[in-house]
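In our numbering, the protein residues as written are 2 to 187.
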């Protein structure tokens with residue numbers, strides 16, 4: 002009888018002893034992509050292999066959430082400066098206006114580290130595919146509506162988290178999750 006009770010209770014004991022939240026979910030794989038960086042050079046997503054990275058979709062003339070999002074991404078940049086395997090990637094939703102020189106000026110204005118933070122533009126179709134089909138964020142259309150979420154990607158190019166930037170707790174949570182991924186072995 003004692004053995005049966007102990008056997009039945011063992012899974013509950015093991016679950017309660019495991020660290021809650023120690024493993025972030027795996028959502029989707031990020032497919033390879035080729036775009037243009039703010040320095041005018043071709044950007045191959047292979048540069049991000051083996052890195053943890055945070056993505057967002059913005060545009061430089063945005064009167065709405067983009068300035069706040071960029072400020073929050075700057076906060077993340079400050080938190081990861083001493084983490085050599087973490088990068089930030091901002092994709093434009095307005096590739097017609099956000100040319101590499103415009104993105105470079107925007108990056109400079111926001112004191113983005115060129116070594117850590119990439120601002121990317123390219124063909125609208127590629128950006129639409131990334132926004133809608135790869136990151137599952139929403140729409141990239143002529144209205145310039147876009148998601149206000151940050152996306153956390155692990156070293157194996159898998160999406161591990163979505164963070165709503167309008168929620169006060171999201172950036173500290175994102176930074177904690179970056180540190181958690183940094184502790185994981187790929």
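Where is the CB? At the ideal position from N, CA and C, for every residue including glycine. What you are looking at is a predicted structure, and each value in this text was computed from that prediction instead of being measured.
Whose C-beta lies closer than 6 Å to the C-beta of residue 41 among residues of the same chain, with five residues either side of it excluded?
Position 40 of the chain shown, counting from 1, holds the residue named residue 41. Cβ neighbours of residue 41 beyond the five flanking positions: 101.
According to DSSP, residues forming a beta bridge with residue 162:
For this step, residue 162 is matched to residue 161 along the chain shown. DSSP output for residue 162 lists 153 as bridge partner(s).
Tell me where the beta strand (DSSP E) around residue 77 begins and ends.
Reading the chain shown from its first residue, position 76 is the one you call residue 77. Premise fails: residue 77 lies in the alpha helix (DSSP H), 67-81, not in any beta strand (DSSP E).
Quick one: what's got a C-beta closer than 8 Å to residue 117's C-beta in the same chain, skipping five residues either side?
Along the chain shown, one-based indexing puts residue 117 at 116. Cβ neighbours of residue 117 beyond the five flanking positions: 78, 81, 82, 87, 88, 89.
Which whole-angstrom value describes the C-beta separation of residue 128 and residue 55, a residue pair presumed to lie in contact below a C-beta threshold of 8 Å?
Residue numbering aside, residue 128 sits at position 127 when the chain shown is read from its first letter. Residue numbering aside, residue 55 sits at position 54 when the chain shown is read from its first letter. That pair is no contact at about 17 Å.
Please confirm if the region 150-168 is in contact with the region 26-37, defined as three or more CB-CB distances below 8 Å between the two stretches.
yes
Whole-angstrom Cβ separation of residue 53 and residue 182, contact assumed at under 8 Å?
Taking the first residue of the chain shown as position 1, residue 53 is located at position 52. Taking the first residue of the chain shown as position 1, residue 182 is located at position 181. Their Cβ separation, rounded to whole angstroms, is 5 Å, which keeps residue 53 and residue 182 in contact under 8 Å.
Start-end ranges of the beta strand (DSSP E) lying completely within the region 76-143, minimum 3 residues:
87-93, 118-122
Rounded separation between residue 155 and residue 51 - CA only
In the chain shown, counting from the first residue as 1, residue 155 sits at position 154. In the chain shown, counting from the first residue as 1, residue 51 sits at position 50. Straight-line Cα distance between these residues: approximately 8 Å.
Nearest candidate by alpha-carbon position, reference residue 184, set 65, 133, 61, 84:
Mapped onto the chain shown, residue 184 falls at position 183. For residue 184, the nearest C-alpha among the options comes from 84.
Close Cβ partners of residue 152 (< 8 Å) along its chain, the five nearest in sequence each way excluded
Locating residue 152 in the chain shown gives position 151, where the first residue counts as 1. 55, 56, 57, 136, 138, 160, 162, 163, 164, listed in sequence order.
Residue 75 beta carbon less than 9 Å from that of residue 112
Counting from one through the chain shown, the residue named residue 112 turns up at place 111. Counting from one through the chain shown, the residue named residue 75 turns up at place 74. Closer than 9 Å, so yes.
Residue 73 to residue 107 span [Cα, whole Å]
As a first step, residue 73 must be located in the chain shown, where it is residue number 72. As a first step, residue 107 must be located in the chain shown, where it is residue number 106. For residue 73 and residue 107, the distance between alpha carbons rounds to 15 Å.
Using a C-beta cutoff of 9 Å, does residue 28 count as contacting chain B?
Although the question refers to chain B, the structure presented lacks it and comprises just one protein chain.
Could you check which residue in 44, 99, 38, 70 has the C-alpha nearest to that of residue 166?
Indexing the chain shown from 1 puts residue 166 at position 165. Checked all of 44, 99, 38, 70; the closest Cα to residue 166 is 70.
Where does residue 55 sit, in a helix, a strand or coil, going by DSSP?
Taking the chain shown and counting its residues from 1, the one referred to as residue 55 is at position 54. Of the three classes helix, strand and coil, the one that applies to residue 55 here is strand, per DSSP.
Compute the Euclidean distance between the alpha carbons of residue 38 and residue 119, then round it to the nearest angstrom.
The count along the chain shown starts at 1 and reaches residue 38 at position 37. The count along the chain shown starts at 1 and reaches residue 119 at position 118. Taking the straight line from one Cα to the other gives about 6 Å.
Which residues in the same chain as residue 149 place their Cβ atom closer than 7 Å to its Cβ, once the five residues preceding and following it in sequence are excluded?
Walking along the chain shown from the start, residue 149 turns up at place 148. So the list reads 66, 70, 165, 166, 167, once near-sequence residues are dropped.
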